[in-house]
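A short write-up of the structure that comes next.
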Amino acid sequence: MMQLGATHPHGHVRTCTRRTTAADDGAVGTLIRPITLSTREITFRREMLGWVGAVHFVLEPLGDDQTEALFAGLRCTDTVRLRGGAVVPSPQFLVAPPGFFAPNYQISLDEHFAESLDLVVPDDAALLAIVTHRNPIGRSTVNLFSPIVVNRHSGLADQYVPASSEAETGWSVRTPLPLALVADDT
Amino acid sequence: MLTLTREPGQKIVVGDDIVITVVSVSENGRVRLGIEAPRQIRIDREEVLERIQNENIEAGAGGTASRWAAYAARRANRQAAAGATSPSVGDPGQSGDAARRPKREESLVAPR
């Protein structure tokens with residue numbers, strides 16, 4: 005298991021069980037630190053669920069204000085089909101670090117998943133939660149159950165599907181967005 | 048579809064290295080299965096995959112710039128209303144923990 009996310013409320017530092025060295029200390033609680041990737045080119049290990057052929061993506065900043073740059077666009081550069089076979093415009097996703105929506109966010113990756121992305125320590129990973137925009141905006145949600153996990157060095161990525169259910173993990177595929185982000189101004 | 052009848056404790060072998068065991072069958076019809084397979088074989092509940100798949104389809108259709116603009120505009124309005132003194136999304140005191148901004152607001156994408 006590789007624990008990613010907030011530190012334990014009592015200050016206990018959870019580390020990756022595969023390599024528990026002193027160097028791992030402080031490698032957790034990283035989710036609302038700046039997520040810095042060495043590359044903007046992101047390659048999925050397999051097609052993204054729901055989008056046949058969607059493997060190559062580019063992470064693009066949105067807006068020019070630094071305070072807006074916590075959100076990014078994840079744009080697919082492949083020719084993509086739906087499962088029915090119809091070619092459709094390549095998907096584009098609005099993504100942000102899960103810790104932005106839930107400061108206590110934490111997720112445990114199983115060992116095989118971590119290995120498949122060449123993740124050795126938690127700090128090798130960056131998490132991207134996918135926002136589903138809806139009208140009206142108050143119906144928009146974010147998927148905190150199955151985030152995209154990216155190797156921040158290589159750009160290798162996969163969407164994590166926990167073996168446990170939403171109820172068991174406590175994180176929903178459709179988590180309402182923070183009121184402050186969606187509420188209409190008075 | 049191949050259909051087999053099994054009793055608790057009995058197994059099905061798929062290929063060379065996948066073994067499925069019927070662990071128990073409860074009175075209300077729930078079946079517990081044990082699955083032994085190589086680690087690279089992905090095992091997921093179908094309804095979980097479908098839910099994620101459907102969400103991905105809905106989330107990925109359409110452009111990001113216009114959708115982002117909807118959030119950015121709300122934030123800009125709030126900042127203007129707050130006298131532009133704070134970069135915060137909103138009032139954490141009213142919105143709860145989930146709405147609280149990270150203390151350091153920095154770029155998701157590293158500058159080149």
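Protein chains in written order, with the working numbering: chain G, 5 to 190; chain P, 48 to 159.
Note that the Cβ used here is the ideal one computed from N, Cα and C, for glycine as well.
Remember, it's a predicted structure, so these values are computed and weren't measured experimentally.
Here serine 168 of chain G is not near leucine 148 of chain G, since their CB atoms are 8 angstroms or more apart. Here methionine 6 of chain G is bridged, per DSSP, to G:Leu113.
When secondary structure is reduced to three states using DSSP, phenylalanine 104 of chain G falls in the helix class. At a beta-carbon threshold of 8 angstroms, the residues of chain P lying near glutamine 96 of chain G are Gly107, Gly109, Gly110, Thr111, ordered along the chain.
Of the other Cβ atoms in all chains shown, 16 or more fall within 10 Å of the Cβ of leucine 131 of chain G; this residue is therefore buried. When Cβ-Cβ separations below 8 angstroms define contact, asparagine 155 of chain G makes no contact with chain P. Relative to the Cα of threonine 81 of chain G, the nearest Cα in the group P:Thr68, P:Gly107, P:Ala117 belongs to P:Gly107.
Contact check for alanine 58 of chain G against proline 107 of chain G fails: the beta carbons are separated by 8 angstroms or more. Counting C-beta pairs with one atom in each stretch, the segment 108-127 of chain G and the segment 75-94 of chain G have fewer than three that are closer than 8 angstroms, which means they do not touch.
Valine 146 of chain G is not a Cβ neighbour of threonine 173 of chain G, given a cutoff of 8 angstroms. Here isoleucine 90 of chain P has Ile82, Ala84 as same chain residues with Cβ atoms under 8 angstroms from its own Cβ, once five neighbours each way along the sequence are excluded.
Within a 10 Å sphere around the beta-carbon of methionine 6 of chain G sit 16 or more other beta-carbons, which makes this residue buried. Taking 8 angstroms as the threshold, the shortest C-beta distance from methionine 52 of chain G to chain P falls below it. When C-alpha distances from valine 56 of chain G are compared across G:Pro65, G:Arg49, G:Arg87, G:Phe104, the shortest belongs to G:Arg87. Shown here, proline 180 of chain G sits in a strand according to DSSP, grouped into three states.
Check the Cα spacing between phenylalanine 117 of chain G and each of G:Gly54, G:Ser42, G:Arg50: the tightest is with G:Arg50. One finds Ala117 in chain P with Cβ atoms closer than 7 angstroms to the Cβ of isoleucine 141 of chain G, taken in chain order.
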